[in-house]
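Chemist: Take the position in the sequence shown, starting the count at 1, then add 131; the result is the number in our numbering.
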Amino acid sequence: MHYGEKIRKIRESKNYKQEYLADKLGISITAYSKMENGETKLTTDKLEKLAEIYGTDVEGILKFDPSTNFNVHHSPKSAIGINAVYHENEKLVDQLQKENTFLKEHITKAEERVTKLLERLFKYEKP
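So this is what it looks like as structure tokens:
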């Protein structure tokens with residue numbers, strides 16, 4: 132696997148678009164695309180900048196192997212970890228939605244009380 136395929140696989144794993152990386156590298160999307168396709172050489176400066184963007188070092192990019200880094204289907208522990216994170220996030224979203232509903236109900240009740248108080252206040256006002 133050439134370096135371009137490696138930087139593409141890492142980019143995809145991080146859900147980055149080519150436009151984002153091209154902008155970060157200060158090059159055109161076309162130039163970035165050619166880099167991923169192996170049509171142009173990757174300079175040391177760009178490789179170092181990519182490593183910084185990806186949160187790794189140059190060696191991490193050069194030695195990147197998607198079959199060992201992303202093989203979730205053959206690694207039950209990884210799949211379990213991903214499922215656990217998904218379910219934790221699902222629980223958190225559910226909890227936040229319940230809290231949001233609770234707060235909306237209390238805001239509505241408070242608005243009703245304020246409205247009633249204002250109505251009483253204006254009824255007792257002398258013209």
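Don't be surprised by glycine CBs; every beta carbon is placed ideally from N, CA and C.
Which value, in whole angstroms, describes the spacing of the CA atoms of residue 174 and residue 137?
Modeler: Distance between the alpha carbons of residue 174 and residue 137 is about 15 Å.
Chemist: Pop quiz: residue 163 and residue 178 are said to be a contact at Cβ under 8 Å. What is the actual Cβ separation, rounded to whole angstroms?
Modeler: About 13 Å; that fails the 8 Å criterion.
Chemist: One question on the structure: do residue 193 and residue 147 come within less than 9 Å of each other, judged by their Cβ atoms?
Modeler: no
Chemist: Between residue 168 and residue 132, what straight-line distance do the alpha-carbon atoms span, to the nearest angstrom?
Modeler: 11 Å
Chemist: How far does the alpha helix (DSSP H) with residue 161 in it reach, from first residue to last?
Modeler: 160 to 167
Chemist: Keeping to the same chain, check which residues put their C-beta closer than 8 Å to that of residue 223; ignore five residues upstream and five downstream.
Modeler: none
Chemist: If you draw a straight line from the C-alpha of residue 196 to the C-alpha of residue 188, how long is it?
Modeler: 14 Å
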